[in-house]
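For reference, the structure is listed below as structure tokens.
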Amino acid sequence: MNVLMVCLGNICRSPLAEGILKSKVNSTQTFVDSAGTAGYHVGNPPDPRSIKVAHDYGINISNQRCRRFTISDFDSFDLIYVMDKSNYADITRLARNKSDAEKVKLILSEINSNNEEVPDPYHDSDDGFKKVYIMIDKACTLIAARIENK
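Structure, rendered in structure tokens:
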């Protein structure tokens, strides 16, 4: 199973989601990566605040590097989780067919069906990063359980 986490810049939310899910699945059976819909930070490490909050929970994401989502990701990944409705619109707009579009889901839809979004903590305080971590962690716990039970 290959899972891709996507946010806008691939420096805050999706690197956290990648690191969190990786910590919950068997890496020999599940590949997890992340990407951004925009190319602002390609090649850069995650935001230092994301690195710190992940570290506070025992996860090291400092070696990740930002990359931009590409159409070929539809071929490489079985599931594509996006952090918000804007990411969802950006990714599904690139879908070549129904099969591509069906791979894309809001990550918090794993917790409930209210179409909730993971807020972008970039312009927030460090506390915003912790809140985002907790939201993503809850979703990733359910995603990991679903993957492991397949």
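Counting in our numbering, the sequence shown runs from 14 upward without gaps.
Think of the CB as a built atom: it goes at the ideal place given N, C-alpha and C, for glycine as much as any other residue.
### Query
Start and end of the beta strand (DSSP E) containing Ala48?
Residues Phe44 to Gly49.
### Query
With respect to the beta strand (DSSP E) encompassing Met14, which residues constitute its N-terminal and C-terminal limits?
No beta strand (DSSP E) contains Met14, which DSSP labels as neither H nor E.
### Query
CB of Asp69 to nearest heavy atom of the ligand SAM: below 8 Å?
As presented, the structure is devoid of all ligands, the ligand SAM included, so that no description of it is given.
### Query
Going by beta carbon distance, what residues of the same chain come within less than 6 Å of Asp60, once the five residues before and after it are set aside?
If we look at Asp60 and ignore the five residues flanking it on each side, its Cβ neighbours are Ile24 and Cys25.
### Task
Please confirm whether Ala66 and Thr43 have their CB atoms less than 9 Å apart.
What sits at residue 66 in the sequence shown is Val, not Ala. Between Val66 and Thr43, the C-beta gap is not smaller than 9 Å, which leaves the two residues out of contact.
### Task
Pull up the distance between the alpha-carbon of Arg104 and that of Glu130, whole angstroms please.
The question names Arg, yet the displayed sequence has Ile at residue 104. Between Ile104 and Glu130, the C-alpha separation is close to 15 Å.
### Task
For the alpha helix (DSSP H) holding Leu29, just list the boundary residues, first then last.
Per DSSP, Leu29 belongs to the alpha helix (DSSP H) from Arg26 to Lys37.
### Query
Is the Cβ-Cβ distance between Ile160 and Ile33 less than 9 Å?
Cβ distance not < 9 Å, so Ile160 and Ile33 don't count as in contact.
### Beta carbon of Pro134 nearer than 9 Å to that of Asp97
With a cutoff of 9 Å on beta-carbon distance, Pro134 and Asp97 are scored as not near each other.
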